[in-house]
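Taking it in order: structure first as structure tokens, then the write-up.
Number of protein chains: 2
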Amino acid sequence: MAYASCGILGRVPDAIWSVLIDPNRRAILELLRERPRAVGELVDALDLSQPATSKHLRVLRDAGVVRVEQDAQRRVYTLDPAPLAELDAWLAPYRRLWNARLDTLGRYLDDTKET
Amino acid sequence: MAYASCGILGRVPDAIWSVLIDPNRRAILELLRERPRAVGELVDALDLSQPATSKHLRVLRDAGVVRVEQDAQRRVYTLDPAPLAELDAWLAPYRRLWNARLDTLGRYLDDTKET
DNA sequence: GAGGCATATGCCATGCAAGGAATACACGCC
DNA sequence: GGCGTGTATTCCTTGCATGGCATATGCCTC
Chain X
1 MAYASCGILG RVPDAIWSVL IDPNRRAILE LLRERPRAVG ELVDALDLSQ
51 PATSKHLRVL RDAGVVRVEQ DAQRRVYTLD PAPLAELDAW LAPYRRLWNA
101 RLDTLGRYLD DTKET
Chain R
116 MAYASCGILG RVPDAIWSVL IDPNRRAILE LLRERPRAVG ELVDALDLSQ
166 PATSKHLRVL RDAGVVRVEQ DAQRRVYTLD PAPLAELDAW LAPYRRLWNA
216 RLDTLGRYLD DTKET
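Going down the list, the protein sequences come from chains X and R.
In terms of my numbering, the first sequence is residues 1 to 115.
In terms of my numbering, the second sequence is residues 116 to 230.
Here's what the structure looks like:
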């Protein structure tokens with residue numbers, strides 16, 4: 001949310017970091033970015049066993065970046081990007097730094113153009 | 116740099132992710148955000164042994180997020196935020212999503228106000 | 001060039017996260 | 001109520017990253 005990207009919230013929960021560590025979990029996030037999917041779909045898309053996939057989904061659930069909805073025997077997972085805003089907030093101060101660098105580069109280019 | 120935050124580069128290198136996993140490494144980044152520091156300074160600031168600190172610095176160096184400069188026996192580390200732009204690029208599609216949510220929320224609030 | 005300081009590296013032990021296999025659980029259908 | 005499908009959980013093993021300790025390396029001073 002807005003207050004998160006303003007940097008007021010400060011600390012990124014460990015759960016969020018641990019989500020990002022794993023490539024498979026990042027892959028799941030990207031798949032869910034497209035549309036909600038049942039577990040079986042994810043299993044097919046990733047090259048992973050069903051139990052392994054379920055375990056990753058558990059981590060994602062605990063971190064709050066996905067939500068489950070039950071549809072008969074299937075469980076459909078949906079992306080909830082909100083917690084990632086914390087990550088964005090964490091990144092903000094660094095973003096300022098590399099933007100400063102870009103500004104410097106920009107001025108340099110302008111100056112050389114004038115020469 | 117610019118091309119990174121434009122999202123052209125796509126994949127965040129594994130090295131960047133592995134940097135972020137560790138709380139101590141994130142702490143080092145934050146310390147260096149303030150100003151460049153020698154290893155000894157970092158050892159004091161973190162609650163870590165000197166060897167452990169050096170190992171983390173190695174990881175950070177390999178990922179390209181810090182640079183070293185030698186000053187007699189001391190090595191002064193400086194933050195280089197550029198590679199973090201890749202992370203920013205990775206985050207971009209998700210940012211769009213939570214912004215969309217905020218817009219929805221905004222409209223909802225506007226509507227209820229009108230009622 | 002010997003000794004002392006600052007940092008890096010090697011080796012070892014420990015802990016922990018990830019994946020596989022088997023199994024438990026939940027739901028719908030006949 | 002038994003059965004098949006879809007998903008979660010448990011147990012176990014393995015690999016890997018972390019940190020401490022000891023030690024190597026580099027540099028400066030006397």
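Where a beta carbon is used, it is the ideal one built from N, C-alpha and C, also for glycine.
Source: prediction; values computed, not measured.
Under DSSP, Glu184 of chain R forms a beta bridge with R:Val191. Excluding residues up to 5 positions away in sequence, Val154 lie with their Cβ nearer than 8 Å to the Cβ of Ser169 of chain R in the same chain. Minimum Cα-Cα distance from Arg67 of chain X among the listed residues X:Tyr77, X:Arg58, X:Val43, X:Pro13 corresponds to X:Tyr77. Closest in alpha carbon position to His56 of chain X, among X:Arg95, X:Glu86, X:Asn24, X:Leu84, is X:Asn24. Only those residues of the stretch 142-159 of chain R whose C-beta falls short of 7 Å from the nearest C-beta of chain X are listed: Arg148. Neighbourhood of Ala85 of chain X in chain R, by CB distance below 9 Å: Tyr209, Arg210, Trp213, in chain order.
For Asp22 of chain X, no alpha helix (DSSP H) encloses it, and the DSSP letter there is neither H nor E. Only buried fits Glu201 of chain R, as 16 or more other CB atoms lie within 10 angstroms of its CB.
Scanning X:Arg11, X:Ile16, X:Arg26 for the CA closest to the CA of Arg126 of chain R turns up X:Arg26. In this structure, Asp88 of chain X keeps its C-beta atom at 8 Å or more from the C-beta atom of Leu212 of chain R.
A Cβ-Cβ separation of about 6 Å places Leu194 of chain R in contact with Leu144 of chain R under the 8 Å criterion.
Within the DSSP bridge table, the entry for Ala38 of chain X names X:Val76 as partners. Under a criterion of Cβ atoms nearer than 7 Å, the residues of chain R adjacent to Asp88 of chain X are, in order, Leu206, Arg210. When R:Ala197, R:Arg210, R:Asn214 are compared, the shortest CA-CA separation from Asn99 of chain X is found for R:Ala197. Taking all protein chains shown into account, Ala178 of chain R has 16 or more neighbouring C-beta atoms within 10 Å of its C-beta and is therefore buried.
Using a Cβ-Cβ cut-off of 8 Å, Ile16 of chain X does not count as an interface residue toward chain R, since no Cβ of chain R sits closer than that to its own. Looking from the CA of Ile136 of chain R, the closest CA among R:Thr227, R:Gln185, R:Glu184, R:Val174 belongs to R:Val174. Ala82 of chain X sits in coil when the DSSP states are folded into three classes, being neither helix nor strand. Within chain R, the residues whose beta carbon sits less than 7 Å from that of Leu20 of chain X are Trp132, Leu135, listed in sequence order.
Going by C-alpha positions, Trp132 of chain R is about 22 Å away from Leu157 of chain R. Taking the C-beta atoms as reference points, Pro151 of chain R is found no nearer than 8 Å to Arg33 of chain X. Apart from the 5 residues on each side of it in sequence, Asp186 of chain R sits with its Cβ closer than 8 Å to the Cβ of Ala153 in its chain, given in chain order.
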